[in-house]
Structure formats: C-alpha cells, structure tokens
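Peer 1: With the sequence shown counted from 1, adding 21 to any position gets you the numbering used here. My questions will all concern the structure given below.
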Amino acid sequence: MSSGGVGDTDGYTIITDVRQIDFNDEAAVMAEIEQFAETYAYADIEHALVITPAGKVYSLRGNDVVVNPNIINHEELFRSIVVHNHPVEWADSFSPQDFALFFERGLLREDVIFGNQHNIMRYDGIVIDSSVARELYRNAFQEVRQNAMQTQIPLELEQLETMRQLSKTMKGLVFIENPR
Ligand SMILES: [Zn+2]
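What follows is the structure in structure tokens.
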C-alpha cells in the first residue's frame, strides 16, 4: 500500500492533513507532539501523527479501535516519529500491535497518549525482527499476569505493566512514562 495525500484512506484510517516542518528543529518537532497530546488526550477515537525524517507531518484519523500508520509509505515511516492516542474508554499503554509496529517499520520513536498519560518508547539495541518483538511482548505479558496471580494484586493497566516489565528485561529498550 502506498499513500501520501490528504483524503487517502484504507477504509478505516484517513490522512486529514500533510504539512512540512524542519525535522532538525527539535522545538518544532516537540511542539507538534505537544499539540497532538493536548488535542487528543481525551478523544474517543484514535488519531495519529507521523513525523518523517524529511520533515513531512501527516495527521491521521482512525476509528474507536484503531488508527493505522501503515497507510503512509513504508520508506517514509523508516526512522519516523509516530504518535497516537488511545481512547479514554480503554486507556492503556502500547498494545502488542503498537510495539510490533516500532520494529516492523524501524521507527525512531513512538508515543502513546491516553488521558493524562504520555508514554514514549525508543530502542537502541541490536536490530530484531518484528516477530521477535511480538514474542518478547507476549512473554512479558505472561510474566506480568503470573505475577499478578501470585501476588493477588489485580492488573489495572496490563499493557502499561507489560511495557514496564519489558523495559527491565529487554536490552536497548527505553520506555518513558509521563515526561510532562
Ligand atoms: Zn495503539
């Protein structure tokens, strides 16, 4: 699938805006992310912002369960920053799909916004296949679930706990919570 223009859609996700910034202007990049977070923190459908190394900024709108950054050219997604929100109804950190996307497309950074939470992931470890990433996520999720059963402490945010677990066990993974 290849895309790039306003109105392009896969039926679920649509490109609503494309504009240009200077990717090397860190303040401009941060302002885009901050603006997105403020706008969509409590949205009831998923939105995404893709900032490519060439400085192209795509705004995407999905639906109540998904927004698909893969409608952007995969060459453009490489080393991009992808930011999206999770609707407050099921607000939690990175899903298995979000986590796999990072490795599948070789992203530079991925952010997820849900309510007043802002989580960021980066990775500077050895290159791994997205299938390996999926398996690591699955394993961490199992550990977190087992731990919850043993300690009888209920898991409120399963994906957040899984990310915390991964950040302890996965070499090169940087996971940041609430940087604001
Ligand atoms: Zn997500």
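We put the beta carbon where it would ideally sit given N, CA and C, even for glycine. Model, not experiment: these values are computed from the prediction.
Any chance you could list the residues with Cβ under 7 Å from a heavy atom of ligand 1, keeping chain order?
Peer 2: Here the residues come out as E67, H105, H107, F115, S116, Q118, D119, V133.
Peer 1: What's the gap between the Cα of L178 and the Cα of A52?
Peer 2: Taking the first residue of the sequence shown as 1, we reach residue 178 at position 157. Taking the first residue of the sequence shown as 1, we reach residue 52 at position 31. So the alpha carbons of these two residues sit roughly 28 Å apart.
Peer 1: According to DSSP, simplified to helix, strand and coil, what is V148?
Peer 2: Reading the sequence shown from its first residue, position 127 is the one you call residue 148. Looking at V148 - three-state DSSP - the assignment turns out to be coil, as it is neither helix nor strand.
Peer 1: Name the residue from I42, N199, F123, L81 whose alpha carbon lies nearest to the alpha carbon of G28.
Peer 2: In the sequence shown, the residue the question calls residue 28 occupies position 7. When each option's Cα is compared against that of G28, the closest is L81.
Peer 1: Taking all protein chains shown into account, decide if I197 is buried (16 or more other Cβ within 10 angstroms of its Cβ) or exposed.
Peer 2: Locating residue 197 in the sequence shown gives position 176, where the first residue counts as 1. The residue is exposed, with fewer than 16 neighbouring Cβ atoms inside 10 Å.
Peer 1: By how many angstroms is the C-alpha of T183 removed from the C-alpha of Y158?
Peer 2: Position 137 of the sequence shown holds residue 158. Position 162 of the sequence shown holds residue 183. Cα to Cα, Y158 sits roughly 7 Å from T183.
Peer 1: Would you list, in sequence order, the uninterrupted beta strand (DSSP E) runs of no fewer than 3 residues that lie entirely inside the region 41–124?
Peer 2: Those beta strand (DSSP E) runs which fall completely within the region 41–124 and span 3+ residues are 68–72, 77–82, 102–106.
Peer 1: According to DSSP, is R126 part of a helix, a strand, or is it coil?
Peer 2: Position 105 of the sequence shown holds residue 126. Reduced to three states, the DSSP call for R126 is coil.
Peer 1: What number of angstroms, rounded off, separates the C-alpha of I93 from the C-alpha of Q167?
Peer 2: Position 72 of the sequence shown, counted from the first residue, corresponds to residue 93. Position 146 of the sequence shown, counted from the first residue, corresponds to residue 167. I93 and Q167: Cα-Cα distance of roughly 38 Å.
Peer 1: Mapping the DSSP letters down to three states, classify Q138 as helix, strand or coil.
Peer 2: Residue numbering aside, residue 138 sits at position 117 when the sequence shown is read from its first letter. Strand.
Peer 1: Which residues mark the beginning and the end of the alpha helix (DSSP H) in which E182 is found?
Peer 2: Numbered from its first residue, the sequence shown carries residue 182 at position 161. Residues 179–190.
Peer 1: From Q186, D31, G193, L181, pick the residue whose C-alpha is nearest to that of N91; which is it?
Peer 2: Position 70 of the sequence shown holds residue 91. When only C-alpha atoms are compared, the closest one is D31.
Peer 1: Hey, is the region 128–139 in contact with the region 106–115, meaning 3+ C-beta pairs nearer than 8 Å?
Peer 2: They touch, by the three-pair rule.
Peer 1: If you draw a straight line from the C-alpha of F123 to the C-alpha of Q186, how long is it?
Peer 2: Here residue 123 corresponds to residue number 102 of the sequence shown, with the count starting at 1. Here residue 186 corresponds to residue number 165 of the sequence shown, with the count starting at 1. Spanning the two alpha carbons is a distance of roughly 17 Å.
Peer 1: Answer with buried or exposed for V86, where buried requires no fewer than 16 other C-beta atoms within 10 angstroms of its C-beta.
Peer 2: Counted from its first residue, the sequence shown places residue 86 at position 65. Label assigned to V86: exposed.
Peer 1: For M22, name the three-state secondary structure that DSSP assigns.
Peer 2: One-based indexing of the sequence shown puts residue 22 at position 1. Confidence at M22 is low in this model, with a pLDDT of 46, below 50, so its placement is unreliable and the value that follows should be read with caution. M22: coil per DSSP, three-state reduction.
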